[in-house]
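Take a look at the structure set out below.
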Amino acid sequence: MIPLIFGSENKARCIEELKKLRPYVVFRKVTKPAAVLIPLCIVRNVPAIMFLRRSMRLRTHPGEIGFPGGKCDPHDDGDMIRTALRETQEEIGIDPESVDIWYQLPRMDGRSSLYPILGFCGHVTVPEDEATLTTFRNISAPLGSAERPHQLRLNVDEVSYAFFRSVDWLCDVNNLAHTDIRARSVYSFQSTEHRLRNSDPPKRDSLPHHFRYVLPAYGNLAHTGSPGPRIWGLTAIMTYRVLHCLIPHGGPYPPNLPMTKLLDPLITGRIANSDEL
535 MIPLIFGSEN KARCIEELKK LRPYVVFRKV TKPAAVLIPL CIVRNVPAIM FLRRSMRLRT
595 HPGEIGFPGG KCDPHDDGDM IRTALRETQE EIGIDPESVD IWYQLPRMDG RSSLYPILGF
655 CGHVTVPEDE ATLTTFRNIS APLGSAERPH QLRLNVDEVS YAFFRSVDWL CDVNNLAHTD
715 IRARSVYSFQ STEHRLRNSD PPKRDSLPHH FRYVLPAYGN LAHTGSPGPR IWGLTAIMTY
775 RVLHCLIPHG GPYPPNLPMT KLLDPLITGR IANSDEL
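This note's numbering numbers the first residue of the sequence shown as 535 and each following residue consecutively.
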């Protein structure tokens, strides 16, 4: 049985919300386009999202947390969904035909033009000794429907491990933080992480450099005991935007929370002025 959050009615509502999102622009000059699959799945009948830790063998972004995906291949003919599914199959062995594609989100221009693809991958079985929806390393797990099961096979040259975070876990404010990114600093780069407390919003004039924007981060928070690994960067932005559209009745977080207001530009429009970088 598919949980209501992944059911057809909420899927249709979620897609309508996703259509309202605008592209996210950080850098104007970007490299070759790339695409990732944001894998919605069910673990022990619990709605969840799958994340990967990139292999330390990779030349670019080794060890970082992300979603399966990669750069567009000439054989993809510019089809970002095909790119995401091809890369997902190469990295974790998911059959492209078994993925129910929900929607192609607006592009995110970072160091590359990234196209997030939201898709439902069905059921995933993890070992019984995994007490929480956290991590499994280099194992095979059946994934998909009962009628069309297939195996999750990690490509160890590209993926160190996969882990899951339940939708409820991602919506818990105790697992959410934010990073205040500032530019034109006396240092080449500086980020300030603030605890999620009503009494401790970031002060835009508190540091001797200009305020830029605020980004979400999930997990690995000492002050709440939230476990790692840390989900941050573009992966956290994609997660935040998807949750805002996936969760009905105004999104996953209280609207009166100061951090919710700070992160609102992620939903309402472009947040970075690329000309200032």
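Built from N, CA and C at the ideal position, the CB exists for glycine as well.
Considered as a whole, the segment 549-598 harbours 565-577, 580-588 as its complete beta strand (DSSP E) runs of no fewer than 3 residues, in chain order. When Cβ pairs closer than 8 Å are counted between the two stretches, the segment 543-550 is seen not to touch the segment 783-790, the count staying below three.
GLY653 has PRO573, ILE635 as its beta-bridge partners, per DSSP. Residue pairing for ASP629: DSSP places it in no beta bridge. Relative to the Cα of LEU749, the nearest Cα in the group LYS795, ALA569, ILE715, HIS778 belongs to ILE715. Within the same chain, PRO581 come within 6 Å of PRO537 by CB-CB distance, once the 5 residues on both sides are set aside.
Here ASP610 has ARG616, THR617 as same chain residues with Cβ atoms under 6 Å from its own Cβ, once five neighbours each way along the sequence are excluded.
Counting along the chain, TYR695 sits inside the beta strand (DSSP E) bounded by residues 693-700. GLY604 carries a strand assignment under DSSP once its states are collapsed to helix, strand and coil. For SER589, the closest C-alpha among the options SER694, VAL633, GLU631, ARG620 is that of SER694. With a contact defined as Cβ atoms closer than 8 Å, CYS548 and LEU797 miss out at about 19 Å. The C-beta of PRO650 has 16 or more other C-beta atoms within 10 Å across all chains shown, which makes the residue buried.
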